[in-house]
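Residue numbers (the numbering used here): 121 to 344. Think of the CB as a built atom: it goes at the ideal place given N, C-alpha and C, for glycine as much as any other residue. This report refers to the structure that appears directly beneath it.
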């Protein structure tokens, strides 16, 4: 999987850290405080959206008084402590990061999350020791499946997109990596378990743990 690759770019939530459970919980809690039910199709509608885009969607879709800017502050406050204390690495992720650093393979994060929460995760898990470039969708103004956030990360890493390997956990993220002209490995996550077939159709590889990258036991989907 890593043959001829000069850089690895990770999505954050559900890919590098196990946090997707938290975001659904925050949405349910926030809407419940407003006396609103959590729509069954909400996850599908906001999949891949940037933090700004999600806030704008909520402000328009629900009868709430908060502006998008106020929503982002509320969500940041609700999420920060969970990121710092309750969100672990995905299986094998730290070992894989250590391998990449030891072998001189460049690294980046391209996330739909906010810069504030990205910094919180990076501090809590010492990602600054392993990741060179941190990029958010808000900073490129387009969420996934647009390729912009991955292309920006590659540009800052000074690596051609074709020489990049992306790790992603949701279909729109996988599409963003493919749209950027990069090789993409889909990562198993309970949040998107019902989308596993779609993920495998879109991606080049599939893993349930980063240990599989190191011992070459991953699924190669390119010829299936």
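Residue(s) in a DSSP beta bridge with residue i
i           : result
residue 230 : 255
residue 283 : Beta-bridge pairing links residue 283 to no other residue.
residue 307 : 327
residue 216 : Residue 216 pairs with nothing; no bridge assigned.
residue 339 : 326
residue 288 : 306
Buried/exposed call for residue i, threshold 16 Cβ in 10 Å
i           : result
residue 231 : buried
residue 246 : exposed
residue 253 : buried
residue 243 : exposed
residue 79  : Outside the shown range of the chain (121 to 344) lies residue 79, about which nothing can therefore be said.
residue 203 : buried
residue 189 : exposed
residue 337 : exposed
residue 213 : buried
residue 152 : exposed
residue 326 : buried
residue 249 : exposed
residue 192 : buried
Check: residue i C-beta below 8 Å from any heavy atom of the ligand PLP
i           : result
residue 337 : The ligand PLP is absent from the structure shown, which contains no ligands of any kind.
Cβ shell of residue i (< 6 Å), same chain only, five flanking positions each side left out
i           : result
residue 154 : 184
residue 290 : 167, 312
residue 127 : 226, 277, 279, 284
residue 268 : 260, 262
residue 331 : 212
residue 251 : 227, 229
Proximal residues to residue i (C-beta, below 7 Å), its chain only, five neighbours per side dropped
i           : result
residue 160 : none
residue 219 : 334
residue 199 : 142, 146, 237
residue 233 : 132, 133, 171, 256
residue 270 : 129, 230, 286, 296, 297, 300, 302
residue 169 : 177, 232, 263
Where residue i sits in the DSSP three-state scheme
i           : result
residue 247 : helix
residue 122 : coil
residue 347 : Coverage of the chain is limited to positions 121 through 344, which leaves residue 347 absent and any answer about it impossible.
residue 137 : strand
residue 129 : strand
residue 209 : strand
residue 156 : coil
residue 169 : coil
residue 182 : coil
residue 187 : coil
residue 145 : helix
residue 240 : helix
Neighbourhood of residue i by C-beta distance below 8 Å, restricted to the same chain and skipping five residues each side
i           : result
residue 315 : 290, 291
residue 162 : 147
Supposed contact pair residue j and residue i - C-beta distance, whole angstroms, cut 8 Å
i           : j           : result
residue 329 : residue 208 : So it is not a contact: roughly 13 Å between Cβ atoms.
residue 365 : residue 305 : Since the first residue of the chain shown is 121 and the last is 344, residue 365 is not available in this structure.
residue 287 : residue 260 : Actually they do not touch by this definition, with Cβ atoms about 19 Å apart.
residue 264 : residue 293 : 5 Å
residue 187 : residue 179 : 6 Å
residue 140 : residue 309 : 6 Å
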